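So that you can map any letter, position 257 of the sequence shown is 257 in the UniProt record's numbering, and since no number is skipped, the others follow by simple counting. Cβ coordinates follow ideal geometry from the N, Cα and C atoms, glycine included. Only a predicted model underlies this, so the values are computations on that prediction, with no experimental measurement involved.
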Amino acid sequence: MCNLQVGQQAPSFTCTAVVDGHLKHVTISAYAEANHWTLLMFFPKAWSPVCPTEVKAFSARLEEFLYNRACAVLFVSTDSADCLRAWSDTSEANGGLGGVHMPLISDCNHVISRAYGTLIEGSGLTQRALFVIDPKGTIRAISSIDPYVARNVDDVIRLLDALIFKDENGEACPAGWQKGDEGLDISKDRVEGPLSVELKKTWTDWARPKLTRAFSGTSQRSNSSIPMPLAIAPSTPSARSCVSYNGQSTPPTERMAGVSSSFQAPSTGQLSPLLSTPLLNVQGADYFSATNASNSRMGTQLEEAILQQRMENINATLQNYRRSQEFGTTATTA
Numbered sequence: 001m002c003n004l005q006v007g008q009q010a011p012s013f014t015c016t017a018v019v020d021g022h023l024k025h026v027t028i029s030a031y032a033e034a035n036h037w038t039l040l041m042f043f044p045k046a047w048s049p050v051c052p053t054e055v056k057a058f059s060a061r062l063e064e065f066l067y068n069r070a071c072a073v074l075f076v077s078t079d080s081a082d083c084l085r086a087w088s089d090t091s092e093a094n095g096g097l098g099g100v101h102m103p104l105i106s107d108c109n110h111v112i113s114r115a116y117g118t119l120i121e122g123s124g125l126t127q128r129a130l131f132v133i134d135p136k137g138t139i140r141a142i143s144s145i146d147p148y149v150a151r152n153v154d155d156v157i158r159l160l161d162a163l164i165f166k167d168e169n170g171e172a173c174p175a176g177w178q179k180g181d182e183g184l185d186i187s188k189d190r191v192e193g194p195l196s197v198e199l200k201k202t203w204t205d206w207a208r209p210k211l212t213r214a215f216s217g218t219s220q221r222s223n224s225s226i227p228m229p230l231a232i233a234p235s236t237p238s239a240r241s242c243v244s245y246n247g248q249s250t251p252p253t254e255r256m257a258g259v260s261s262s263f264q265a266p267s268t269g270q271l272s273p274l275l276s277t278p279l280l281n282v283q284g285a286d287y288f289s290a291t292n293a294s295n296s297r298m299g300t301q302l303e304e305a306i307l308q309q310r311m312e313n314i315n316a317t318l319q320n321y322r323r324s325q326e327f328g329t330t331a332t333t334a
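The following block contains the structure:
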């Protein structure tokens with residue numbers, strides 16, 4: 001609607017207005033100096049079918065604004081001062097207002113409507129806009145609706161009550177809030193700044209620094225936990241990897257009673273996807289070729305570290321299984 005935003009200072013102006021049938025000079029800053037709220041209500045034009053219903057509705061409840069809430073109500077249009085005075089003095093039966101006690105401001109030179117960004121340049125009329133200005137001269141609310149839809153007095157009162165409540169109590173007003181309802185405590189809320197969200201680590205993020213320390217020799221287990229390079233047999237349908245498991249040739253998974261055989265050692269010969277280098281298919285002696293010595297060494301150590309971790313998991317599973325068997329035997333005997 002305009003370049004003005006909530007929180008900015010309202011543009012000041014002095015103009016001619018119709019007050020109780022007389023022409024007077026009105027300065028908007030005078031209301032702030034008197035510690036009053038101000039409703040600055042722009043309407044398209046006098047002698048129209050919708051605008052008089054709106055002006056008379058607010059005039060009928062002026063005491064609720066002026067005396068109960070210390071709020072002045074000002075209506076602004078681009079009509080001349082004489083036009084507004086004639087409209088105010090004419091009876092309702094003849095299309096007039098029949099006398100109102102609110103200032104009807106004439107902005108025939110378009111200074112105010114341009115300052116507030118409500119002027120429709122092509123027609124010279126103003127939008128049906130509302131500005132709520134607090135006693136400090138700060139704009140607290142801005143709205144604009146269809147020119148053929150009049151504003152509701154109760155909606156404006158509810159908005160004004162919410163702003164006053166927020167200033168007096170330092171609390172926010174939730175949806176559907178009405179005067180007398182409790183507000184929301186916002187003293188501990190963080191309404192500005194970036195939102196920090198702690199993401200859970202993936203297995204790769206968790207394992208990478210540990211394996212890096214093991215490769216660099218900075219880990220306490222780097223010299224003891226990683227075994228010697230494994231000899232990986234060619235990956236043929238009938239071949240199996242020959243790996244030494246703590247001095248025994250049979251994998252622990254084949255010695256476990258009642259434990260699934262899904263814990264068998266890998267024999268694909270591929271490097272782990274944790275490495276940044278492409279996957280390599282290695283068979284037999286080619287695994288230790290001079291051209292790939294550096295990558296092969298790191299790949300072997302990585303596979304060994306992963307294999308040892310799996311073996312530790314298998315041993316832990318076996319121990320738990322044995323303990324559960326012993327516990328079951330003891331319970332049966334007892």
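| Item | Value |
| --- | --- |
| Within this structure, are the beta carbons of E171 and I157 separated by less than 8 Å? | no |
| By DSSP, does P227 sit in helix, in strand, or in coil? | Summary for P227: the model assigns pLDDT 46, below 50, so the residue's position carries little reliability, and this model does not support an answer. |
| Classify A171 as helix, strand or coil using the three-state DSSP reduction. | Inspection of the sequence shows that residue 171 is occupied by Glu rather than by Ala. Of the three classes helix, strand and coil, the one that applies to E171 here is strand, per DSSP. |
| Less than 8 Å separating the beta-carbons of A70 and W47? | no |
| Going by other Cβ atoms of all chains shown within 10 Å of its Cβ, with 16 needed for buried, is R297 buried or exposed? | exposed |
| Is it buried or exposed, P273, if we count other Cβ atoms within 10 angstroms and call 16 or more buried? | Caution applies to P273, whose pLDDT of 48 falls short of 50 and renders its modelled position unreliable; the value that the coordinates give is listed next. Burial call: exposed. |
| Distance, Cα to Cα, A162 vs W87? | 33 Å |
| Using the rule of at least 16 other Cβ atoms within 10 Å of the residue's Cβ for burial, across every protein chain shown, is Q127 buried or exposed? | buried |
| Which value, in whole angstroms, describes the spacing of the CA atoms of E64 and F58? | 9 Å |
| Quick check: the Cα distance between V132 and K56, rounded to an integer number of angstroms? | 19 Å |
| Go ahead and pull the three-state DSSP assignment for D185. | strand |
| Is C83 helix, strand or coil when you go by DSSP? | helix |
| Should P174 be labelled buried (16 or more other beta-carbon atoms within 10 Å of its own) or exposed? | exposed |
| If we ignore side chains and look at the alpha-carbon of each, how far apart do A17 and A141 end up? | 23 Å |
| Please say whether F42 and V19 have beta carbons closer to each other than 8 Å? | no |
| As a quick exercise: from G137, I139, C108 and L130, pick the residue whose alpha carbon is nearest that of G124. | C108 |
| Sorted by chain position, which residues of the same chain lie with C-beta nearer than 7 Å to N169's C-beta, five sequence neighbours on each side aside? | G183 |
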